[in-house]
Amino acid sequence: MCGIAGFIGSGEEKTLMSMIEALKQRGPDDNGILLKDNVGFGHTRLSVIDLSSAGHQPMLNGDKTVALIYNGEIYNFKELKQKLKKLNKYLFRSNTDSEVILYLYEEYGEECFKMLNGMFAIAIYDFKSKKLILARDRMGEKPLYFGVFDGTFIFGSEIKSILKHPSFKKKLNINSVKKYFAYEYIPTPHTIFNDLYKLEPATYLIYKDDNIKKKKFWEINFNKNNDTLSIAVNKLDELLDKSVRERLVSDAPLGIFLSGGIDSSVIAYYTKKNSDKKIKTFSIGFREKSFDETKYAKRVASLFGAEHYEHNVSSKEAIDMIPRMVDVMDEPLADDSIIPTLILSKFAKRNITVALGGDGADELFLGYPTFKADKLARVYSLIPRFIRTNIIKKIINKIPVSDNYFSAEFKLKKFVNGFEGDKRYMHQRWLGGFSAEDMELLFINDTKEPLKDINIFEDIDNHQKYKNKWNNLIYQYLRFYLMDDILVKTDRNSMSYSLEVRAPFLDYKLVDYVNSLPLKFKLKGNKSKYILKKLMKGKIPDKILNRKKQGFALPVAEWLRDDLKEFCDETLSRKNMDKIGLFNYGYIEKLKQEHFSKKNNHKQKLWAILVFTLWYHRWVTS
Numbered sequence: 001m002c003g004i005a006g007f008i009g010s011g012e013e014k015t016l017m018s019m020i021e022a023l024k025q026r027g028p029d030d031n032g033i034l035l036k037d038n039v040g041f042g043h044t045r046l047s048v049i050d051l052s053s054a055g056h057q058p059m060l061n062g063d064k065t066v067a068l069i070y071n072g073e074i075y076n077f078k079e080l081k082q083k084l085k086k087l088n089k090y091l092f093r094s095n096t097d098s099e100v101i102l103y104l105y106e107e108y109g110e111e112c113f114k115m116l117n118g119m120f121a122i123a124i125y126d127f128k129s130k131k132l133i134l135a136r137d138r139m140g141e142k143p144l145y146f147g148v149f150d151g152t153f154i155f156g157s158e159i160k161s162i163l164k165h166p167s168f169k170k171k172l173n174i175n176s177v178k179k180y181f182a183y184e185y186i187p188t189p190h191t192i193f194n195d196l197y198k199l200e201p202a203t204y205l206i207y208k209d210d211n212i213k214k215k216k217f218w219e220i221n222f223n224k225n226n227d228t229l230s231i232a233v234n235k236l237d238e239l240l241d242k243s244v245r246e247r248l249v250s251d252a253p254l255g256i257f258l259s260g261g262i263d264s265s266v267i268a269y270y271t272k273k274n275s276d277k278k279i280k281t282f283s284i285g286f287r288e289k290s291f292d293e294t295k296y297a298k299r300v301a302s303l304f305g306a307e308h309y310e311h312n313v314s315s316k317e318a319i320d321m322i323p324r325m326v327d328v329m330d331e332p333l334a335d336d337s338i339i340p341t342l343i344l345s346k347f348a349k350r351n352i353t354v355a356l357g358g359d360g361a362d363e364l365f366l367g368y369p370t371f372k373a374d375k376l377a378r379v380y381s382l383i384p385r386f387i388r389t390n391i392i393k394k395i396i397n398k399i400p401v402s403d404n405y406f407s408a409e410f411k412l413k414k415f416v417n418g419f420e421g422d423k424r425y426m427h428q429r430w431l432g433g434f435s436a437e438d439m440e441l442l443f444i445n446d447t448k449e450p451l452k453d454i455n456i457f458e459d460i461d462n463h464q465k466y467k468n469k470w471n472n473l474i475y476q477y478l479r480f481y482l483m484d485d486i487l488v489k490t491d492r493n494s495m496s497y498s499l500e501v502r503a504p505f506l507d508y509k510l511v512d513y514v515n516s517l518p519l520k521f522k523l524k525g526n527k528s529k530y531i532l533k534k535l536m537k538g539k540i541p542d543k544i545l546n547r548k549k550q551g552f553a554l555p556v557a558e559w560l561r562d563d564l565k566e567f568c569d570e571t572l573s574r575k576n577m578d579k580i581g582l583f584n585y586g587y588i589e590k591l592k593q594e595h596f597s598k599k600n601n602h603k604q605k606l607w608a609i610l611v612f613t614l615w616y617h618r619w620v621t622s
């Protein structure tokens, strides 16, 4: 697990060194550079597999015609290594997966990426053909940014490294700003800056002779199978068992992020099954009971005889972490669970270097409440629009505000306010904080005018690939919310403390199989994750299997009226808003006062504006 950065074109050694210095927390154990002709490759290493100096990068092949830098883990590298050894062509000098990728490319060219099962961002320079190749893993677990500036191709694991290159032009992309407030993140391939892009998942890019070509090597599919439920349960068991087993390979200490929900409990079960070592589990809790899951985590940890570590988060500790959040997130992301993820990563790093987590299960097995809400929406749509709009919606919006986690009041208001409008975007309206109408109020005219004819949800439109509505929805969650919110949050926060997090649910063979199953195996009536619960029946207590989903979030709504009130008021002042020059301060002031007085819960909107403002002052004006 590492950080990579580089360029093709202009650039000096000091530029390359400053680029990898910006990524030092991703790889504190070693660093290296290659500067040859117009090629600059930089690497920072977090040692996980083969801790020796043999894993040093940039890594060159035998005749030094191919250079590699790489961030990630290849879980099938041992079998790929055996395949290469049978050819009797390659002399292996390490036990790393990096060297396997290098020789795979030498043998198979770009076809090698199809062979890799893992999470990765790879850069290869082929000196013979004078081409740069970038590749990103199938699910987008590892980040990779690129752009061409003044004729120089620049790339890196994070934007902060690219900012260090003098050719980079730091100009805000206003279209991306609007997307941020609609999604609460910026969807791939866009970034917050003009001419800078995220490489799409399951894609490799070739840069040669000033031209960029991209090619997909895998795609999410929904090929149906005819497996019965019992057969599907057995296959799911085999796939999960294998996925977890492969992700336990590590030469560094390993543990589990344990919330006490079904997803992390599944990971704990298969870890215990496949390891003869005492497993280590890590949880954090809150004084606010509706946000606290520690009692469930303790129960699961005890069930599997784990060495359990627990940390209770105070409001002061969380608030003190805000500057750290802004430093880590070099692109705005309005997910308030960033802070608890940071705290958990910091806490876990004291004892481990590798953690397993449950990311991806909610998207695959339809675990989010929005999937249940979609079924309800079909019934709700039968009610005449006049009654929905003029009676039901007005009544629900008058329900007193509650600060409890995912309260009934919050869910009802989200549901009715997100229901009206184009149904293609209904889920995104439920997930996001700002509607199109809200943004008309948020932005000043100079911001709105250039983008008045742009559909901020164009990215969703571009990915409506399937005839089946539910397949489109699952695809949307996997390719947007999971990749550009959940996985970004996990990667940046964990790597900021030099901690690698692996996601067994995102093994592509598991993803393919789950996506091939009928809807009723995942969402049966009002029961989400049906097949996963069927599999784990008797393995995990029913109270864990059947408990309501609880996300990983902070009590931000309450804190904005209390501990964070002064900070929020000062940060979102007229002076600061005028400096940015994008927002209508009168509207922001209205949001603040309505929230402070508990007239409305504007937590999502205020947090999104707060995060953007802090990000802007840290990464644009500084």
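Each residue of the sequence shown is one higher than the last, beginning at 1 in the working numbering.
Heads up, the beta-carbon is just placed ideally off N, CA and C, and yes, glycines get one too.
**Study point:** Straight-line Cα distance separating residue 476 from residue 335
**Key:** Between the C-alpha atoms of residue 335 and residue 476 there is a straight-line separation of about 18 Å.
Exercise for review: Counting only runs of 4+ residues fully inside the stretch 412-476, write out the alpha helix (DSSP H) ranges in chain order.
Suggested key: Fully contained in the stretch 412-476 are the following alpha helix (DSSP H) runs of length 4 or more, in chain order: 426-431, 436-442, 445-448, 458-461 and 469-476.
Exercise for review: My understanding is that residue 490 touches residue 359, with C-beta atoms under 8 Å, so please give their C-beta distance in whole angstroms.
Suggested key: A Cβ-Cβ separation of about 6 Å places residue 490 in contact with residue 359 under the 8 Å criterion.
Practice item. Pick out whichever of 278, 593 and 68 has its Cα sitting closest to the Cα of residue 55. Key: The shortest C-alpha separation from residue 55 is found at 68.
**Study point:** Within 9 Å, strictly: CB atoms of residue 354 and residue 48
**Key:** In this structure, residue 354 places its C-beta atom within 9 Å of the C-beta atom of residue 48.
**Study point:** Per-residue burial, residue 36 [other beta carbons within 10 Å of its own, 16 or more giving buried]
**Key:** Exposed is the label assigned to residue 36, since fewer than 16 other Cβ atoms lie within 10 Å of its Cβ.
Review point. Given that a residue counts as buried once 16 or more other Cβ atoms are within 10 Å of its Cβ, and exposed if not, what is residue 204?
Key: Residue environment: residue 204 is assigned as buried (16 or more neighbouring CB atoms within 10 Å of its CB, all protein chains considered).
**Study point:** Backbone CA spacing between residue 278 and residue 307 [nearest angstrom]
**Key:** Just so you know, the alpha carbons of residue 278 and residue 307 end up roughly 7 Å apart.
Practice item. With residue 571 as the anchor, note down where its alpha helix (DSSP H) starts and where it stops. Key: 565-571 is the span of the alpha helix (DSSP H), which, as asked, contains residue 571.
Review point. How big is the Cα-Cα spacing for residue 62 and residue 45?
Key: Spanning the two alpha carbons is a distance of roughly 21 Å.
**Study point:** Chain-order list of residues whose beta-carbon lies under 6 Å from that of residue 365 (same chain, five-residue window excluded)
**Key:** The beta carbon of residue 365 is closer than 6 Å to those of 522, 529 and 532 in its chain, skipping five residues each way along the sequence.
Check your understanding: Using CA coordinates, which residue listed in 110, 64, 39 and 34 is at the minimum distance from residue 57?
Key -> Selection 110, 64, 39 and 34 evaluated against residue 57 yields 34 as nearest (Cα-Cα).
Exercise for review: Could you check which residue in 9, 40, 2 and 566 has the C-alpha nearest to that of residue 17?
Suggested key: Selected option, being the one with the closest Cα: 40.
Review point. What are the start and end residues of the alpha helix (DSSP H) that includes residue 24?
Key: Where residue 24 is concerned, there is no enclosing alpha helix (DSSP H), because DSSP gives it neither an H nor an E.
Review point. Across which residues does DSSP place residue 40 in a beta bridge pair?
Key: Bridge partners of residue 40: 7 and 35.
Check your understanding: According to DSSP, is residue 487 helix, strand or coil?
Key -> If DSSP states are grouped into helix, strand and coil, residue 487 belongs with the helices.
Check your understanding: Considering residue 617, what are the terminal residues of the alpha helix (DSSP H) in which it resides?
Key -> Under the DSSP assignment, residue 617 falls in the alpha helix (DSSP H) whose first and last residues are 603-619.
Check your understanding: What are the boundary residues of the alpha helix (DSSP H) that residue 542 is part of?
Key -> Judged by DSSP secondary structure, residue 542 falls within the alpha helix (DSSP H) whose first and last residues are 542-545.
Check your understanding: Three-state secondary structure (DSSP) at residue 73?
Key -> DSSP, read as helix, strand or coil, puts residue 73 in strand.
Exercise for review: State the beta-bridge partners of residue 206 as determined by DSSP.
Suggested key: Answer by DSSP bridge pairing, in chain order: 133 and 213.
Review point. So residue 121 and residue 206 are in contact, right, with Cβ under 8 Å, and what is the actual spacing, rounded?
Key: For residue 121 against residue 206, the beta-carbon gap comes to about 15 Å, at or over 8 Å, which does not count as contact.
Practice item. Take residue 145 as the anchor and find which of 200, 300 and 419 has the nearest alpha-carbon. Key: Of 200, 300 and 419, the residue nearest in Cα terms is 200.
**Study point:** Span of the alpha helix (DSSP H), counted from its first residue to its last, around residue 152
**Key:** Run containing residue 152: none in the alpha helix (DSSP H); it sits in the beta strand (DSSP E), 152-156.
Review point. Just the Cα atoms here: how many angstroms apart are residue 348 and residue 86?
Key: One C-alpha to the other measures close to 41 Å.
Practice item. Please state whether DSSP places residue 501 in a helix, a strand or coil. Key: For residue 501, the three-state secondary structure derived from DSSP is strand.
Exercise for review: Could you tell me how far apart the beta carbons of residue 513 and residue 239 are, in whole angstroms, since I believe they sit closer than 8 Å?
Suggested key: Contact between residue 513 and residue 239 holds, since their C-beta atoms are separated by about 6 Å, short of 8 Å.
Check your understanding: What does a CB cutoff of less than 8 Å around residue 623 pick up in its chain, not counting 5 residues either side in sequence?
Key -> Because the chain here runs from 1 to 622, residue 623 falls outside it and cannot be looked at.
**Study point:** Residue from 287, 139 and 179 whose Cα sits closest to the Cα of residue 608
**Key:** The closest CA to that of residue 608, considering only 287, 139 and 179, is found on 179.
Review point. What is the DSSP secondary structure of residue 709, reduced to helix, strand or coil?
Key: Nothing can be reported for residue 709: it is not among the residues displayed for the chain, which extend from 1 to 622.
Practice item. Excluding the 5 residues preceding and the 5 following residue 493 in the sequence, name in chain order all residues of the same chain whose CB lies nearer than 7 Å to its CB. Key: If we look at residue 493 and ignore the five residues flanking it on each side, its Cβ neighbours are 328, 338, 341, 342 and 345.
Point to revise | Start-to-end residues for the alpha helix (DSSP H) that takes in residue 595 | key: Following the DSSP letters along the chain, one finds residue 595 inside the alpha helix (DSSP H) bounded by residues 585-596.
Check your understanding: Under the three-state reduction of DSSP, which class applies to residue 315: helix, strand or coil?
Key -> In this structure, residue 315 counts as helix in the three-state DSSP scheme.
Review point. Alpha carbon to alpha carbon, what distance is there between residue 27 and residue 495?
Key: The alpha-carbon atoms of residue 495 and residue 27 are separated by roughly 8 Å.
Exercise for review: Would you kindly work out how many angstroms separate the C-alpha atoms of residue 620 and residue 573, rounded to a whole number?
Suggested key: Taking the straight line from one Cα to the other gives about 18 Å.
Review point. Taking C-alpha atoms, which residue in 227, 42 and 228 lies nearest to residue 165?
Key: Nearest C-alpha to residue 165: 42.
Review point. With respect to the alpha helix (DSSP H) encompassing residue 249, which residues constitute its N-terminal and C-terminal limits?
Key: Where residue 249 is concerned, there is no enclosing alpha helix (DSSP H), given that its DSSP letter is neither H nor E.
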